[in-house]
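Asks: Just so we're aligned: the sequence shown equals residues 1 to 536 in full-length UniProt numbering.
In this text, a Cβ means the ideal position worked out from N, Cα and C, and glycines have one as well.
Fair warning: this is a prediction, and the values are worked out from it, not measured in the lab.
Supplied in structure tokens, the structure appears directly below.
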Amino acid sequence: MLDVRDCNSRLLSLGRLRDVTGARQLFDRMPHRDVVTYTSMISIYLKNGEILEAERLFWEMPERNVIAESAMIDGYAKAGRIGDAQMVFDCMPVRNVYSWTSLVSGYCRIGRVDEAWKIFEQMPGYLDSNRTSEAIELFRLMPQRNMISWTTMVTGLAQNGLIERAREFFDQMPGKDIAAWNAMITAYVDKGFVAEAHELFDRMPDKNVVSWNAMINGYVKNDCQEEAMRLFRLMLLSPVKRNETTLTSVLVACKCIAEIMQLHALASSLGFESDTSLTNALVTMYSRSGDLASAHLAFKGLVMKDVVSWTSMILACSNHGCGEYALQIFAQMLRHGEKPDGITFVGVLSACSHIGLIEKGKTIFNSMSLAYNVEPKAEHYSCLVDLLGRGGHVEEAKTVVCKMPPSECDEAVLGALLGACRVHNEIEVARRVGEQLIRLEQSGSGSYVLLANVYASCGMWTDVGRVRKMMKEKKVKKVPGYSLIEVNMRCHLFYAGDQSHLHAKEIYEMLQLVLPQMKKMHVLPLLTRSNGTKTH
Numbered sequence: 001m002l003d004v005r006d007c008n009s010r011l012l013s014l015g016r017l018r019d020v021t022g023a024r025q026l027f028d029r030m031p032h033r034d035v036v037t038y039t040s041m042i043s044i045y046l047k048n049g050e051i052l053e054a055e056r057l058f059w060e061m062p063e064r065n066v067i068a069e070s071a072m073i074d075g076y077a078k079a080g081r082i083g084d085a086q087m088v089f090d091c092m093p094v095r096n097v098y099s100w101t102s103l104v105s106g107y108c109r110i111g112r113v114d115e116a117w118k119i120f121e122q123m124p125g126y127l128d129s130n131r132t133s134e135a136i137e138l139f140r141l142m143p144q145r146n147m148i149s150w151t152t153m154v155t156g157l158a159q160n161g162l163i164e165r166a167r168e169f170f171d172q173m174p175g176k177d178i179a180a181w182n183a184m185i186t187a188y189v190d191k192g193f194v195a196e197a198h199e200l201f202d203r204m205p206d207k208n209v210v211s212w213n214a215m216i217n218g219y220v221k222n223d224c225q226e227e228a229m230r231l232f233r234l235m236l237l238s239p240v241k242r243n244e245t246t247l248t249s250v251l252v253a254c255k256c257i258a259e260i261m262q263l264h265a266l267a268s269s270l271g272f273e274s275d276t277s278l279t280n281a282l283v284t285m286y287s288r289s290g291d292l293a294s295a296h297l298a299f300k301g302l303v304m305k306d307v308v309s310w311t312s313m314i315l316a317c318s319n320h321g322c323g324e325y326a327l328q329i330f331a332q333m334l335r336h337g338e339k340p341d342g343i344t345f346v347g348v349l350s351a352c353s354h355i356g357l358i359e360k361g362k363t364i365f366n367s368m369s370l371a372y373n374v375e376p377k378a379e380h381y382s383c384l385v386d387l388l389g390r391g392g393h394v395e396e397a398k399t400v401v402c403k404m405p406p407s408e409c410d411e412a413v414l415g416a417l418l419g420a421c422r423v424h425n426e427i428e429v430a431r432r433v434g435e436q437l438i439r440l441e442q443s444g445s446g447s448y449v450l451l452a453n454v455y456a457s458c459g460m461w462t463d464v465g466r467v468r469k470m471m472k473e474k475k476v477k478k479v480p481g482y483s484l485i486e487v488n489m490r491c492h493l494f495y496a497g498d499q500s501h502l503h504a505k506e507i508y509e510m511l512q513l514v515l516p517q518m519k520k521m522h523v524l525p526l527l528t529r530s531n532g533t534k535t536h
């Protein structure tokens, strides 16, 4: 008995030899035929120009597949039978790229380019990077182009990162609609070309909320927070109504609690309090500004919480030293059936580290991949090493670093180990880790400073001098620490060692008055004054 798989293989060989007669004889002798058999025979007929035989066999197929259907569309289209090609296409339950492009090419072949374009616009991913030349050629063949076709080309090219080509088409447009302007602005800001985006934004004859949001979000993404706030204030004076996306973007640009509270009030007045993304941003920004209570109120008021909501609150608690409450939020999250992600575990592990729950932290770390299918990354290993180091388990921390995947062993992981070595006087290990960190970290000053402090704590002044010399040679500068405080709705920034504030004298005098009380309450064990001396 002839085996179906062997026969199908022989059919393919006969097809490559263009032996139609031999292929048909084998096909007729086969006692059993599957979908591959029919598809192979149809393809052989089509490749040899026998469209009628292919058609007859296609309609005899007991069960058709996307390959046979696509082949028939291509065959019909090449034979000029575009109506039959369209009929097969319309009946297909599933289409592939070949079926789409065959139909489009068929319409182009007979000069019906407008219809080809309509099909092309419907094609999923029609302007993917591997088909942009095809799209451009089809566009050029069109005898008449309307606003939709122009905008489609600009948007598709811009979304695929081909900004220069998109700008060429944009500049050639006889009339530009808002969608084309917005597509170009979004493409520019996504690539960091904020000036080019703003130039277009200023030239727009009409702007909608998408235009304003794209430009504001572009400034925020590119660390131009002041420009984002300035533009938002201009938007408030315009007739365009802001939406949830506007406020979410602007929140990230807020510098102080007063601005956050004003935006929160605006969101409430506009009825946006139930928006999950906006509330998530509020939780994060309240936390960053030091107002954990307001962050918690915003979180509690949110009815539809997603993984970002829970994670934002966990991170807020962890960053404010409320590790136990962070773990309570995590437990609530699991009870609500929300699956934690990698960022969630960063917050949970940090919480364990801050309150010294070593065993619990290790258990949670091990559960990541086993229970939640989340593979630990560098940031998780960094938290684990920090957890072990803070608890005095330096040897175990070293073991974690040695056994972890080398690709995940970055500056943060080694920095955590170096910090642990410093606290527990593991000088030799600290030396090796510090030197490795300096090789890894090309520009940051943190590793140099930490290693120098390790040497200084042991009186190894020669090594301290060597590290400082390396910093000077590599032009690495220590970034000064700073504090931010808001008084009467104004933000005041204080850098370490900075006495440029108008009321610096009064501020430092007041600090000297409150320091003894702060020390008594264990709020501040050590303060470095601006002149470098330490006040206990």
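#1: Which same chain residues end up closer than 7 Å to Tyr372 when comparing Cβ atoms and leaving out the 5 residues on each side of it in sequence?
#2: For Thr152, which residues of its own chain have a beta-carbon under 7 Å away from its beta-carbon, when the five flanking residues on both sides are left out?
#3: Roughly how many whole angstroms lie between the Cα atoms of Leu237 and Glu115?
#4: Can you give the Cα-Cα distance for Val413 and Thr246, rounded to whole angstroms?
#5: With a threshold of 8 Å on Cβ separation, who are the neighbours of Val385 within its own chain once the five nearest residues in sequence on each side are excluded?
#6: Count the other C-beta atoms from every protein chain shown that fall within 10 angstroms of the C-beta of Leu370, then say buried if there are 16 or more, exposed otherwise.
#7: Only counting the same chain, and skipping five residues up and downstream in sequence, which positions put a Cβ closer than 6 Å to that of Arg203?
#8: For Glu63, name the three-state secondary structure that DSSP assigns.
#9: Measure from the alpha carbon of Gln25 to the alpha carbon of each residue in Arg140, Trp100, Met41 and Ala456, then state which is nearest.
#10: With DSSP collapsed to three states, give me the class of Ser443.
#11: On the criterion of 16 or more Cβ atoms from any shown chain inside 10 Å, does Ser269 qualify as buried, or is it exposed?
#12: Below 8 Å on the Cβ atoms is my contact criterion, and I expect His264 with Leu282 to pass it. Report the Cβ-Cβ distance as a whole number of Å.
#13: In whole angstroms, what separates the C-alpha of Ile44 from that of Arg145?
#14: May I ask which residues mark the beginning and end of the alpha helix (DSSP H) holding Lys255?
#15: Which of the three DSSP states, helix, strand or coil, is assigned to Gly192?
#16: Hey, could you find the ends of the alpha helix (DSSP H) Phe272 is sitting in?
#17: Using the beta-carbon count (16 or more within 10 Å), is Pro376 buried or exposed?
#18: Per DSSP, what kind of secondary structure is Gly391 in: helix, strand or coil?
#19: Excluding the five sequence neighbours on either side, which residues of its own chain have a C-beta within less than 6 Å of the C-beta of Asp410, listed in chain order?
#20: Can you grab the Cα-Cα spacing for the pair Ile216 / Leu231, in whole Å?
#21: Taking just the CA atoms, how far does Ala183 sit from residue 538?
#22: Going by Cα to Cα distance, which pick from His32, Arg33, Asp3 and Tyr38 is closest to Gly15?
#23: What is the DSSP secondary structure of Met460, reduced to helix, strand or coil?
Replies: Short version:
#1: Closer than 7 Å at Cβ, skipping near neighbours: Lys339 and Pro340.
#2: The beta carbon of Thr152 sits closer than 7 Å to those of Glu121, all from its chain and outside the five residues before and after it, given in chain order.
#3: Leu237 and Glu115: Cα-Cα distance of roughly 45 Å.
#4: Rounded to the nearest angstrom, the two C-alpha atoms are 37 Å apart.
#5: Ala397, Val400, Val401, Val413, Ala416, Leu417 and Ala420.
#6: With fewer than 16 other Cβ atoms inside 10 Å of its own Cβ, Leu370 counts as exposed.
#7: Counting only residues of its own chain and dropping the five nearest sequence neighbours on each side, Arg203 has no CB closer than 6 Å to any other CB.
#8: Reduced to three states, the DSSP call for Glu63 is coil.
#9: The shortest C-alpha separation from Gln25 is found at Met41.
#10: Unreliable placement is indicated for Ser443, whose pLDDT of 48 sits below 50; the coordinate value is still reported in the next sentence. Here Ser443 carries a coil assignment [DSSP, helix/strand/coil].
#11: Ser269 is exposed by the Cβ-count criterion.
#12: Confirmed, Cβ separation roughly 6 Å.
#13: Going by the C-alpha atoms only, they are around 39 Å apart.
#14: For Lys255, no alpha helix (DSSP H) run applies, since DSSP gives it neither H nor E.
#15: The answer is coil: DSSP assigns Gly192 none of H, G, I, E or B.
#16: Under the DSSP assignment, Phe272 falls outside any alpha helix (DSSP H); it carries neither an H nor an E label.
#17: Classification for Pro376: buried.
#18: Gly391 falls in the coil class under three-state DSSP.
#19: Excluding residues within five positions, the ones whose Cβ falls inside 6 Å are Ala378.
#20: The alpha-carbon separation between Ile216 and Leu231 amounts to approximately 7 Å.
#21: Residue 538 cannot be examined here, being either before or after the span of the chain that is shown, 1 to 536.
#22: Residue Tyr38 is the option with its Cα nearest to Gly15.
#23: Collapsing the DSSP output to three states places Met460 in coil.
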